Amino acid sequence: MTADTMPKGKIAVLLADVDGTLVTEQKVLTERTIAAVKALKQHGIAFAVTSGRPPRGMAMLIEPLALETPIAGFNGGVLINPDMSVVEAKTIAPDVARATLKLILDHGMDAWVYTADDWFIRDAKAPHVERETWTVKFEAKVVATFSDDALDHAVKIVGISDDRDLVAKAEKDAQQAFGDKVSAARSQPYYLDVTNPDANKGTVVGTLSKHLGIPPEQFATIGDMPNDELMFRKSGFSIAMGNASDDVKSRASATTDSYNDEGFAKAIEKFLLGATDQGGH
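FYI, the numbering for the sequence shown is 1226 to 1506, going by this note's numbering.
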């Protein structure tokens, strides 16, 4: 795939990943990004977001981007309206949640458990907790052990390690162990996200397609991580960020620059607004 590939058909929706894509490494929206999203809407293209973040962790995007479409948190595990009301939630089967937690801990990784409303951790000083707290803008609840209630209502379980090869191995082991009982994919090189099998970015395309009445082939998608490949496959046009791995780039229709070099805004300007200006829509 080359960076010069353009959409061949009409694009009516852009579905974007958040971390590593929509926001910079400092987890902020640039003015150029905000302007690009506004321009999309002026050209009649809807804008939607999906992320491994909890829904509350995307609340800060709603006002600056004037979001109007449903927001897919936990990679589609919880779908909310822009007023934060829940449209639907998909939990992990309780026995699978417990087996997932055991697999993560047996790999020597730290673990977090998310329900639709809360984030549970075992150590407030563990790696990535402080940055995640700053990113999602709310505090985790520290527990000695994860309660039965939390595991019965888990929408996402995360394995955390700075050993990136270990995270990759845990991803493969979880996929092999649980098959179609979960969706297991890395949302960051140091995070393994495990969710309900119907909670992945590929199914987000289908869910939004039904909700908006727009066929998947009229969706463009943009992201940077292996879990974004699932939405690439379901959409009519896909864009990999410059900071994505070569493998992720190879699975996209086109590539753009890094999230630290206005890659998101440049992608909109070149591939979507450029296409409309040329009469492609």
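C-beta: ideal position from N, C-alpha, C; glycine also.
Treat the numbers as computed from the prediction; the structure is a model and nothing was measured.
Item                                                                                                                                                                          : Value
Counting only runs of 4+ residues fully inside the region 1413 to 1497, write out the alpha helix (DSSP H) ranges in chain order.                                             : 1426 to 1437, 1454 to 1459, 1471 to 1475 and 1488 to 1492
L1292 by DSSP, collapsed to three states: which one?                                                                                                                          : coil
Less than 8 Å between the CB atoms is what I'm expecting for K1426 and M1466, so what's the real figure, rounded?                                                             : Actually they do not touch by this definition, with Cβ atoms about 14 Å apart.
Taking all protein chains shown into account, do 16 or more other C-beta atoms lie within 10 angstroms of the C-beta of L1290, making it buried, or fewer, making it exposed? : buried
In whole angstroms, what is the alpha-carbon distance linking S1218 and L1497?                                                                                                : Outside the displayed span of the chain (1226 to 1506) sits residue 1218, for which this structure offers no information.
At the level of alpha carbons, what is the spacing between E1423 and A1271?                                                                                                   : Inspection of the sequence shows that residue 1423 is occupied by Asp rather than by Glu. So the two alpha carbons sit approximately 23 Å from each other.
Would you check if the region 1323 to 1332 and the region 1429 to 1445 touch, i.e. whether three or more CB-CB distances between them fall below 8 Å?                         : no
Below 8 Å, how does it come out for the region 1377 to 1392 and the region 1440 to 1450: are there three or more Cβ pairs, yes or no?                                         : no
Applying the 10 Å Cβ sphere with the 16-neighbour rule, what's the burial state of K1350?                                                                                     : exposed
Go through the region 1370 to 1410 residue by residue and report every complete run of the alpha helix (DSSP H) that reaches 4 residues or more, in order.                    : 1373 to 1377 and 1389 to 1403
Please list the terminal residues of the continuous alpha helix (DSSP H) segment that includes L1304.                                                                         : Taken as a continuous stretch (DSSP letters only), L1304 belongs to no alpha helix (DSSP H), being part of the beta strand (DSSP E) at V1303 to I1305.
Report yes or no: do the region 1358 to 1376 and the region 1314 to 1329 share at least 3 C-beta pairs separated by less than 8 Å?                                            : yes
Could you pull out every residue in the same chain whose Cβ sits closer than 7 Å to the Cβ of P1414, ignoring the five residues on either side in sequence?                   : R1389 and V1392
Do A1341 and I1382 have their C-beta atoms within less than 8 Å of each other?                                                                                                : no
Give me, in chain order, the residues of the same chain whose beta-carbon lies closer than 8 Å to that of A1228; leave out the 5 immediate sequence neighbours on both sides. : Residue placement at A1228 cannot be trusted, given a pLDDT of 48 that sits under 50; the coordinates are not used to answer.
For A1490, which option in V1419, T1230 and V1248 has the closest C-alpha, if you only look at C-alpha atoms?                                                                 : V1248
Within a Cβ cutoff of 6 Å, which residues of the same chain sit near K1315, ignoring the five residues on either side of it in sequence?                                      : G1302, N1421, D1423 and A1424
Would you list, in sequence order, the uninterrupted beta strand (DSSP E) runs of no fewer than 3 residues that lie entirely inside the region 1275 to 1355?                  : 1296 to 1298, 1303 to 1305, 1311 to 1314, 1335 to 1339 and 1344 to 1346
With DSSP as the reference, please indicate the residues paired to F1363 in a beta bridge.                                                                                    : According to DSSP, F1363 bridges with nothing at all.
Which two residues bound the contiguous beta strand (DSSP E) that contains V1262?                                                                                             : Premise fails: V1262 lies in the alpha helix (DSSP H), E1256 to Q1267, not in any beta strand (DSSP E).
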